[in-house]
Structures are given as C-alpha cells and as structure tokens.
Amino acid sequence: MPELPEVETVVRGLSRVLEGEVLRHVETRRDTLRFPIPQKFAEILKGKRVKDLSRRAKYGLIHMEDAPDVIFHLGMSGRMRLLGAGAPDFEKHDHVIFETGKGEVIAFNDPRRFGFIDFLNEDGSHPMLEKLGPEPLSNHFNGPALAEKLKGKKSPIKAAILDQSVVSGVGNIYACEALYEAGLSPRRSAHTVQGQRAERLANTIREVLTRAIAAGGSTLKDYAQVDGELGYFQHDFRVYGREGEACRNEGCDADIQRLVQSGRSTFYCSKCQR
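Numbered by the working numbering, the letters in the sequence shown go through residues 28 to 301 in order.
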C-alpha cells in the first residue's frame with residue numbers, strides 16, 4: 028500500500044497539471060471502488076476550477092472552487108496516471124477520468140479496487156480523517172509529542188507507530204527503516220520509548236520520510252509516479268526486504284532478521300536495535 032512518501036509524490040505530480048485548471052470533463056466508469064463513488068460526482072465537478080492540492084496522512088486532497096473538495100486514497104494497487112493531451116490510451120482499470128481545459132488527462136487506475144474517491148464534507152471533514160494523529164513532517168510532531176502518544180501503550184513500538192492516531196502516514200516499510208535508524212527493537216514496548224528514545228525516533232521518522240519523498244517513494248509492486256516513473260527509495264533500504272543480508276552498520280557482523288508482527292513482516296538487526 029502506498030505510504031506517505033508515495034502519496035506526497037503523487038500529489039506533487041498532480042499539482043503541476045491540476046492547480047488553477049478548470050475540469051473540462053470528468054467521467055466515472057464504474058459506480059463503486061472500495062466505497063460507492065458519490066452520485067453525480069462527474070456532474071458536480073465538471074466546469075469547476077481546482078484551487079490546489081494537499082495531502083493528509085496517506086490521503087490526497089483536491090481543493091476546488093465552487094464545488095466540494097475531493098479526497099482520494101490509492102488503496103493497495105491504485106495509481107493516478109497522467110496521460111497528457113491528445114487521444115488518451117485508456118486501460119481497463121481507469122475508473123475515474125479528469126480532463127483539464129488544456130487537454131491534460133488524468134486517470135485514477137485501481138485494478139484491485141481497494142482505493143476510493145469521495146467528497147469532503149462542507150467543513151473539510153471526512154470519516155477517514157477523523158482520528159488521524161499529527162503529520163510526521165509538521166512542527167507538531169517531535170520527541171515530546173510522540174512520547175505523550177506512547178504513554179501507557181503496552182503494544183510493540185512497531186505496532187504503535189503504525190497506529191495512524193499516534194502518527195499519520197507511516198506504514199510498514201518506513202516504520203522498519205525508522206526503527207532501525209533509531210536503534211530501537213521493533214519488539215520494545217511502546218511505553219518505554221520516552222525522553223531521548225522518543226526524540227531519536229521522531230527524528231528518524233522525519234528523516235526517512237524526507238529522503239523517501241526526495242527519491243520519489245518506493246516501488247515494490249504497483250506504485251508509480253503520475254508520469255509512470257518508478258520510485259527508487261527501495262534501493263536505499265537499510266533493513267526492509269533484506270532478510271539474511273548483512274547489517275549495513277559499520278562494525279556490525281549480524282544479518283538482518285525477519286519476524287511477523289500483526290500479520291506484517293518486520294525486518295530488523297538484533298544487535299543494533301535494542
């Protein structure tokens with residue numbers, strides 16, 4: 028599933044072609060994805076101007092003039108495909124189509140249909156946004172803020188930072204990478220991550236996500252940027268997917284191990300992470 032860096036990369040790519048543009052044509056090619064697409068979705072947006080785009084956690088937001096704002100989630104296999112101007116080459120799973128006044132065409136493609144597209148409420152709220160924690164790249168996220176969220180939590184720290192109410196947008200890949208760089212065992216009880224440990228983890232979460240965004244995200248299966256380019260942060264993974272390979276910390280002679288936590292693979296170094 029695309030995580031924060033992948034969604035941020037998609038939003039930035041869409042911004043270049045959508046910001047300030049009028050939606051000349053909008054088309055829904057099916058009635059439902061993960062959830063039903065709003066009735067009259069295309070009719071409501073046609074002829075309206077896009078103000079700008081933003082991201083909240085793993086959700087993309089399209090802010091409109093004189094129309095409800097749009098929220099989208101890419102699910103497991105979703106993509107936003109920039110098809111350019113001219114006669115677009117649509118695919119079977121291009122479910123929602125946007126065309127700007129300049130003729131640029133964007134298709135929301137989702138083979139497995141675990142993603143969704145919807146309108147925000149008039150006040151900017153949406154059920155999927157209600158319980159989200161702080162943005163890890165914002166000034167509201169730091170060591171003390173993270174420590175406060177972790178107080179009393181007996182779950183493993185890996186599970187805690189995957190909890191979107193603790194910190195939003197962090198998924199399995201970047202949780203593994205951040206814990207490794209912070210030197211914290213994924214098995215450690217979350218409530219013990221206080222003080223300098225919390226500060227260190229907050230900093231590594233921010234640093235890992237920032238580097239991943241600069242690399243265009245990580246492509247493991249379906250993810251691609253809007254222009255079809257693949258992300259390349261996977262080439263810089265320190266632990267994720269590296270079971271049995273040597274730890275990359277200088278002086279460490281251990282191999283990367285894998286364990287399953289809450290049905291997800293966790294990769295870590297037993298010597299470097301405590």
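Here a beta-carbon is modelled for each residue, glycine too, at the ideal position from N, C-alpha and C.
Distance between beta carbons of residue j and residue i, contact taken as under 8 Å
| i | j | result |
| --- | --- | --- |
| residue 59 | residue 69 | The pair is not a contact, with the Cβ atoms about 14 Å apart (cut-off 8 Å). |
| residue 51 | residue 128 | 5 Å |
| residue 207 | residue 300 | 6 Å |
| residue 84 | residue 159 | 5 Å |
| residue 104 | residue 38 | So it is not a contact: roughly 18 Å between Cβ atoms. |
| residue 32 | residue 244 | 5 Å |
First and last residue of the uninterrupted beta strand (DSSP E) at residue i
| i | result |
| --- | --- |
| residue 83 | 77–83 |
| residue 42 | No beta strand (DSSP E) holds residue 42; the alpha helix (DSSP H) holding it covers 31–45. |
| residue 144 | 143–146 |
| residue 127 | 121–127 |
| residue 175 | Segment 170–177 is the alpha helix (DSSP H) holding residue 175; no beta strand (DSSP E) there. |
| residue 136 | 132–136 |
| residue 55 | 50–55 |
| residue 284 | 284–288 |
C-beta contact flag for residue i and residue j at 8 Å
| i | j | result |
| --- | --- | --- |
| residue 86 | residue 155 | yes |
| residue 196 | residue 30 | yes |
| residue 142 | residue 110 | no |
| residue 41 | residue 53 | no |
Proximity winner among the options, relative to residue i (alpha-carbon distances)
| i | options | result |
| --- | --- | --- |
| residue 180 | 216, 74, 234 and 172 | 216 |
| residue 76 | 45, 193, 36 and 268 | 45 |
| residue 298 | 275, 290 and 218 | 275 |
| residue 138 | 199, 107 and 157 | 107 |
| residue 204 | 225, 94, 289 and 231 | 231 |
| residue 291 | 96, 253 and 198 | 198 |
Extent of the continuous alpha helix (DSSP H) to which residue i belongs
| i | result |
| --- | --- |
| residue 267 | Premise fails: residue 267 is in no alpha helix (DSSP H) and is neither H nor E. |
Contact with chain B by residue i, beta-carbon distance below 8 Å
| i | result |
| --- | --- |
| residue 155 | As a matter of chain content, chain B is missing from the structure shown, which is built from one protein chain. |
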